[in-house]
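Undergrad: Just so you know, the protein sequences line up as chains A and B, in that order.
Per our numbering: the first sequence = residues 1 to 118.
Per our numbering: the second sequence = residues 119 to 231.
Just dropping this structure here.
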Amino acid sequence: AQSVTQLDSHVSVSEGTPVLLRCNYSSSYSPSLFWYVQHPNKGLQLLLKYTSAATLVKGINGFEAEFKKSETSFHLTKPSAHMSDAAEYFCVVSAAYAGGTSYGKLTFGQGTILTVHP
Amino acid sequence: ETGVTQSPTHLIKTRGQQVTLRCSSQSGHNTVSWYQQALGQGPQFIFQYYREEENGRGNFPPRFSGLQFPNYSSELNVNALELDDSALYLCASRGGQGHNEQFFGPGTRLTVL
C-alpha cells in the first residue's frame, strides 16, 4: 500500500522569497517519488522525480526536492519564487517494485495551491 | 515527438447516459493509465493498460471500462453516468515495464447534469 500526505493545502509567498511545499509518503516497497505541477485548466507537468539515485533531486524551473527516508519526506523547495510559479502542486508516489498490478500506479496527494504575491 | 493527446476537451452528458473518452499515447509508449480528478482533489487512479490488456485497477466500479488498441491509443468508457462522475479525466502514458515516469495529456472535462 502507498499513500501521500501534503501537509499544507495552501501556501502563500512573496515574489523573490523561498518556497517550501511539504510532503510525507508511505510505501510498502521502495518508492519512486514525483512532484507534478498543474496550472489552471491545464494538464499535469512533471517537475522532478526520485528513483533511488541521488537523494537531492533537481527539476525544472529551479525546483529541488530532497528524499529523506528516515523522515519519509520529499519536500519541494525553490530559492526564489516567481509569479509564474503560482499553480497547484502534487506530490506523488509510485511503487518501484517492477511487478504486480500495482506497478505504475501513481498515488497523488491532495495538492498544495501556491500563491505568489508581487 | 508528439505528446499525449485527449479528446474531446469538454463534454456535457445527462445522468444515465454513456460516454467514451479517447487518448493517444506519446510516441513509443505502450502503457496508458487513466485518472479521475474531481474538483479540488488529487487525481485518482482508475486503471492501466499494457499491450492491450488491463493490468491494474483502482477502486472504481465495473461501469468504468477501457480498451487499448494495437497502436497503444486508449478509450475510457463510463456507463450509467452519475452526477459524481463529473470530473477532469486524465490520461497518462509511459514506456512500459521499467519506465515509471508518466506523461499526462491535457484532460477531458466531463460534466454530468
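Where a beta carbon is used, it is the ideal one built from N, C-alpha and C, also for glycine.
Quantities reported herein were computed from a predicted structural model and do not represent experimental measurements.
(1) Looking at the unbroken beta strand (DSSP E) that takes in A:K49, where does it start and where does it end?
(2) At a Cβ cut of 9 angstroms, what residues of the stretch 49-70 of chain A count as close to chain B, listed as they run along the chain?
(3) Can a CB atom of chain A be found closer than 7 angstroms to the CB of B:F187?
(4) Looking only at its chain, what residues have a beta carbon closer than 8 angstroms to the beta carbon of A:A98, apart from the 5 residues adjacent to it on each side?
(5) In three-state DSSP terms, what is B:G160?
(6) Anyone know if the C-beta pair for A:T112 and A:V4 falls short of 7 angstroms?
(7) Is the distance from the Cβ of A:E15 to the Cβ of A:A81 below 7 angstroms?
(8) State the Cα-Cα distance for the pair A:V119 and A:H75, rounded to the nearest angstrom.
(9) Which residue from A:V93, A:D8 and A:L46 puts its Cα closest to that of A:G104?
(10) Along the stretch 151-164 of chain B, what residues have a CB closer than 7 angstroms to any CB found in chain A?
(11) The beta strand (DSSP E) that contains B:G184, what's its start and end?
TA: So, to answer that:
(1) To locate residue 49 of chain A, count along the first sequence from 1; it is residue 49. Looking at the DSSP string, the run of the beta strand (DSSP E) that includes A:K49 is L44 to Y50.
(2) Against chain B - using a Cβ distance shorter than 9 angstroms - the residues of the stretch 49-70 of chain A are K49 and T51.
(3) As a working note, residue 187 of chain B is residue 69 in the second sequence. With 7 angstroms as the cut-off, B:F187 does not count as an interface residue toward chain A.
(4) By 1-based counting over the first sequence, the position of residue 98 of chain A is 98. Annotation note: pLDDT 49 at A:A98 (below 50); position unreliable, coordinate value reported separately. Answer for A:A98: no residue qualifies.
(5) What you label residue 160 of chain B is simply residue 42 of the second sequence in a count that begins at 1. Coil at B:G160, not helix or strand.
(6) Along the first sequence, one-based indexing puts residue 112 of chain A at 112. Along the first sequence, one-based indexing puts residue 4 of chain A at 4. The beta carbons of A:T112 and A:V4 sit no closer together than 7 angstroms.
(7) Here residue 15 of chain A refers to the residue found at position 15 of the first sequence. Here residue 81 of chain A refers to the residue found at position 81 of the first sequence. Contact flag set, yes.
(8) Because chain A in this structure spans residues 1 to 118, residue 119 of chain A falls outside the shown range and cannot be described.
(9) Your numbering for residue 104 of chain A matches position 104 in the first sequence. Taking only the C-alpha atoms, the option nearest A:G104 is A:V93.
(10) Answer set for the stretch 151-164 of chain B: S151, Q159, G160, P161 and F163.
(11) Taking the first residue of the second sequence as 1, we reach residue 184 of chain B at position 66. Segment F182 to Q186, the beta strand (DSSP E) holding B:G184.
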